[in-house]
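Trainee: Mapping of the sequence shown onto numbering that gives the first Met the number 0: residues 0 to 417, in sequence order.
Ideal Cβ positions, reconstructed from N, Cα and C, are used throughout, including at glycine.
Sharing a structure here in structure tokens format.
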Amino acid sequence: MISDRKYTFELISIGSLFFIFGFITWLNSTLIPFLKITCELTNFQAYWVTFAFYISYFVMAIPSGWLLYRIGFRRGIMLGLLIMGAGTLIFIPAALTRSYGYFLVGLFAQGIGLALLQTAVNPYITILGPMESAARRISIMGLCNKLAGIISPYILGSIVLHNITLWVQRIDTASAGQKAGMLDMLSYRIIPPYVVMAVVLIALALVFGRLRLAEINPENTDKVNPLDIFKYPQIILGFLAIFFYVGAEVVAADTLILHGHAQGISMETARIFPSFTLLAMMLGYIGGIALIPKYLSQQTALAISAILGLCFSLCAILFNGWVSVIFVMALGFANAIMWPAIWPLAINGTGNLVKLASSILIMGILGGALIPLGYGWLADVLGSKTAYLILLPCYGYILFFAMRPFGESSVVSEKVSA
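Below you can see the structure in the form of structure tokens.
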């Protein structure tokens, strides 16, 4: 059995990456209302932000796994950070031209880099210690991710959505020429923070290029047959669980500003709502760290979380105003331990298929591309509150996955080499 304490340096290093994941990912909750205004979009069009960002995970998951087999975790991390930096720089011409298409290309490139990073570090953290405490390690990484998620919408929102209600009022009453000029000025607000982020990402890539992290390799090094994936139904079922979980998580955070505004709350107030969703997720992670596996199994915790998700979603639909908004925020608590519980249940006992299985699960992040688009379409047709009906089948499937009987773990023996 591998001790968690033996790899403290690796855990700290990967924790810093999860902070970066969260910071970049949860900026989308602020980008959606910002681009809806500056690029003059409908709800459905605005949620192409999440589509462009998360579809890259589906496109790159298998190529990422193939690449990691050849270059290893450390070089994969470095390359992923560089690609993210390049995607962030694309925001500069996008803002200068106020081109929604360019923004989507930049988001897609960021997602490609993140897909490579996620494919590397999720199995790394899962295997870097005893399998029965994998959910606890991933929860610790999740704390880093969600801490960044609390900070990033607040920082970006204070820059790009500052006095936004006044700006919208002036834009609505301006002439066509004045309106274009004001929208251009508003678009330029995005440039300084994204230049800073690009510099940080490129610098981190150089740092990780020089770090010596432990490489994890299964003892069974037989040639991998991709069709062997179908011998492990938990991988395919886990893919669907990740699909619905990520879709629900993205909807819960990235729709909050526009939903709050639709409920009569000013956008200056609503711009910080995603931070509260992420704060609720942090509380859930802390609970997961304290309770799993000592008091609750990963499966039991996942089932409880799915039931909470169903209850909170129904309340968000049935109530109005602030109460509806608060229940959407509370979904963060329900979502908190889903990723760390689903992941080890899906890859446990897959032996030398672990990297390929990881790629399949990463493809499940496709849910973050498609389910918010469905929400956006429903919001245009039925309203932002009723559109949360889309969450009910998501949490329903996760409950099914959690209640499925999993056999005794036959965890593959792993070895770690520096």
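1) I'd like the ranges of any alpha helix (DSSP H) spanning at least 4 consecutive residues and lying wholly in the stretch 278-327.
2) Measure how close the beta-carbons of Y56 and M280 come, nearest whole angstrom, since I'm counting them as under 8 Å.
3) For the alpha helix (DSSP H) holding P404, just list the boundary residues, first then last.
4) Compare the C-alpha of Q233 against each of P404, G259 and I82 and name the closest.
5) Tell me which same chain residues have a C-beta within less than 6 Å of the C-beta of A261, skipping the five on either side of it?
6) Once you ignore the five residues that flank V353 on each side, which residues in its own chain have a CB closer than 6 Å to its CB?
7) How should K230 be labelled, buried or exposed, when 16 other C-beta atoms within 10 angstroms of its C-beta is the threshold for buried?
8) Could you tell me how far apart the beta carbons of P32 and M184 are, in whole angstroms, since I believe they sit closer than 8 Å?
9) Measure the C-alpha to C-alpha separation of R270 and I163 and round it to an integer number of angstroms.
10) By the three-class DSSP mapping on this structure, what secondary structure does Q177 have?
11) Please report the distance separating the alpha-carbon of G308 from that of E248.
12) Hey, out of V195, M181 and I11, whose CA is closest to M140's CA?
13) How would you write the range of the alpha helix (DSSP H) that I54 sits in, first residue to last?
14) With distances taken from CA atoms, which of V198, P152 and G348 is nearest L278?
15) I think A94 touches I189, with their Cβ atoms under 8 Å apart; what is that distance to the nearest whole Å?
16) Given that a residue counts as buried once 16 or more other Cβ atoms are within 10 Å of its Cβ, and exposed if not, what is H161?
17) Could you compute how far the alpha carbon of P217 sits from the alpha carbon of N351?
18) For the stretch 48-67 and the stretch 377-392, state whether three or more C-beta atom pairs, one from each stretch, are separated by less than 8 Å.
19) By alpha-carbon positions, which one of R169, I201 and S98 ends up nearest to I76?
20) Residues in its own chain within less than 7 Å of A386 by CB, not counting five upstream and five downstream?
Mentor: A quick look at the data gives this:
1) If we require 4 residues or more, the alpha helix (DSSP H) runs fully inside the stretch 278-327 come out as 297-317.
2) Not a contact, Cβ separation roughly 19 Å.
3) P404 -> no alpha helix (DSSP H), and no H or E assigned at all.
4) The option with the nearest alpha carbon to Q233 is P404.
5) Correct list, in chain order: S383.
6) Excluding five sequence positions before and after V353, the CB atoms of its chain that fall closer than 6 Å to its own CB belong to P122 and I346, given in chain order.
7) K230 should be labelled exposed.
8) At roughly 17 Å, the Cβ-Cβ gap does not stay under 8 Å, so P32 and M184 are not in contact.
9) Taking the CA atoms as reference points, R270 sits about 10 Å from I163.
10) In the three-state scheme derived from DSSP, where H, G and I count as helix and E and B as strand, Q177 is classed as helix.
11) Going by the C-alpha atoms only, they are around 10 Å apart.
12) The candidate whose alpha carbon is nearest that of M140 is I11.
13) Judged by DSSP secondary structure, I54 falls within the alpha helix (DSSP H) whose first and last residues are W47 to L88.
14) Put simply, of V198, P152 and G348 the residue whose alpha carbon is nearest the alpha carbon of L278 is P152.
15) Right, their Cβ atoms sit about 5 Å apart.
16) It counts as exposed.
17) Only weak support is given to the placement of P217: the predicted model assigns it a pLDDT of 47, under 50, and the value that follows is read from those uncertain coordinates. Roughly 6 Å between the two C-alpha positions.
18) Too few Cβ pairs lie closer than 8 Å, so no.
19) Nearest to I76 by alpha-carbon distance, out of R169, I201 and S98, is I201.
20) For A386, where only same-chain residues beyond five positions count, the Cβ hits under 7 Å are Y374, L377 and A378.
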